[in-house]
Every structure is written in structure tokens, then in C-alpha cells.
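>
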Amino acid sequence: MWFGHPPEVVYGAVLVVSALLTVLYFFFSDVLDGLFDVADHPLFSPQLILSFFIVGSAVGLLAEMYTDWASGSIIWLSIGVALVAVLLLHFFVFLPLRSAEASLGYTDADLEGALAKVIVSVPPDGLGEILISRKSGAVAKAAKSANNEAIPSGEEVIIVQMENGVAVVARHDPYHLSI
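Under UniProt numbering, read the sequence shown as residues 1 to 179, first letter to last.
Printed below as a string of C-alpha cells:
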């Protein structure tokens, strides 16, 4: 008997309360993060604390219902399983999500020095079009020649500079090094 109730009831109550708090946190996380900004350590995040209680209470409830082990052993088992689950969740889900790129956007300065392929020929004194392959997809940009020379379609170029959204490009020769 724990707190005057059988262990199954205590585990079930903790499971239900933790699940309800998780749903509430899901909907009101922005407000709650501002109100309860106590610890800035990622291991003390509400997601991990609530996950710990959910996994621990679920393991304890199932072990109490389907095994004849002592309640003291079951509580240590549920704490251990919950701790392992929370650490795995932290290191394999939350840390990669935290360090993931927040935006797929880019600036023109990010494109300088990138390789591209000419998709519309660049005339000596006009504009053509290039295709830049990026991790987030392909980007097409208007282009003009840096050396006032014609660059045919299919040629690989390097972006020398970006001027008002127009890429200034030069032929890319991987075998020619200019020092």
C-alpha cells in the first residue's frame, strides 16, 4: 500500500496525470516556457521530465499487473527503464532536433563561391540563368558573366559575387589554380 492505495492505482494515477500534463504542455509550451524558465539545462526540460514519469509509471503498472515481483523491485525497475528511455530520447531525438537547421533560407552572400550549372546561356553583355544545387533543393538565379564572355548552357560556373540578386559568374576550371 502506497499512500493508502495499492501500487497499481498510484502508477495509474501518475500515468494519467503525466499524460494530461504532456498534452497541456504540447498546446501551451510557449507560454509555459516563458513562465517557468528555471533551469536552462536540456536534461531538465519538461518534455524529458514528463516522459520519465510516463515511461516509469507505465512500466511499474505493467510489472505490478503481470508479475509477482516485490513492489520495491518493480519501482527500481521502472526508474531504471524510464531513465534509459529518457536518455535515449534526449540524445537521439531532442539533441539532433535542437541542432537542426532552423530555416532552409539563405542569403545572397551564402551563394558566393558556390558552383552552379548554366541552364540558359549567358551572353557577354546580358543575363542568363544558372541552377545552384543546395542541400535544401535547387535554386535558379539570373546570371551575368564576370569577364564579359559568353558562357554556353551546360557549362559549370562559379559564383564570384552577388549583385542585387544577380549572380556574377565565371567559368569553373577545376584543373586551373590561380594563386
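For every residue, glycine included, the Cβ atom is placed at its ideal position computed from N, Cα and C.
All values reported here derive from a predicted model rather than from experimental measurement.
1. In terms of residues, what are the limits of the beta strand (DSSP E) holding GLU64?
2. Alpha carbon to alpha carbon, how far is ASN148 from TYR106?
3. Looking only at its own chain, which residues have a Cβ that is under 7 Å from the Cβ of ALA114, when we skip the five neighbours before and after it?
4. Take SER71 and list the residues in its own chain whose beta-carbon comes closer than 6 Å to its own, dropping the five residues that flank it on each side.
5. Could one say the Cβ of GLY56 lies closer than 9 Å to chain B's Cβ atoms, at least one of them?
6. So for GLU8, helix, strand or coil by DSSP?
7. Rounded C-beta distance between GLY165 and ASP110? I'm assuming under 8 Å.
8. Measure the alpha-carbon distance for residue 181 versus PRO124 and round it to whole angstroms.
9. Do SER145 and ALA170 have their C-beta atoms closer together than 9 Å?
10. How about residue 184 and GLU129: are their beta carbons less than 9 Å apart?
In terms of the structure at hand:
1. On the sequence shown, residue 64 is found 64 positions in, with the first residue counted as 1. It is not in any beta strand (DSSP E) - GLU64 instead sits in the alpha helix (DSSP H) that spans 46 to 66.
2. By 1-based counting over the sequence shown, the position of residue 148 is 148. By 1-based counting over the sequence shown, the position of residue 106 is 106. Going by the C-alpha atoms only, they are around 27 Å apart.
3. The residue you call residue 114 lines up with position 114 of the sequence shown. Around ALA114: ILE132, ILE159.
4. Counting from one through the sequence shown, the residue named residue 71 turns up at place 71. For SER71, where only same-chain residues beyond five positions count, the Cβ hits under 6 Å are PRO7.
5. Here there is only one protein chain, and chain B is not present.
6. Counting from 1 along the sequence shown, the entry for residue 8 is found at position 8. GLU8 falls in the helix class under three-state DSSP.
7. Translated into positions along the sequence shown, residue 165 becomes position 165. Translated into positions along the sequence shown, residue 110 becomes position 110. Not quite, the Cβ-Cβ distance comes to about 13 Å (not below 8 Å), so this is no contact.
8. In this structure the chain extends from 1 to 179, so residue 181 is not present and cannot be described.
9. Counted from its first residue, the sequence shown places residue 145 at position 145. Counted from its first residue, the sequence shown places residue 170 at position 170. With respect to the 9 Å criterion, SER145 and ALA170 are classified as neighbours on the basis of their beta carbons.
10. Outside the modelled stretch of the chain, which goes from 1 to 179, sits residue 184, for which no answer is possible.
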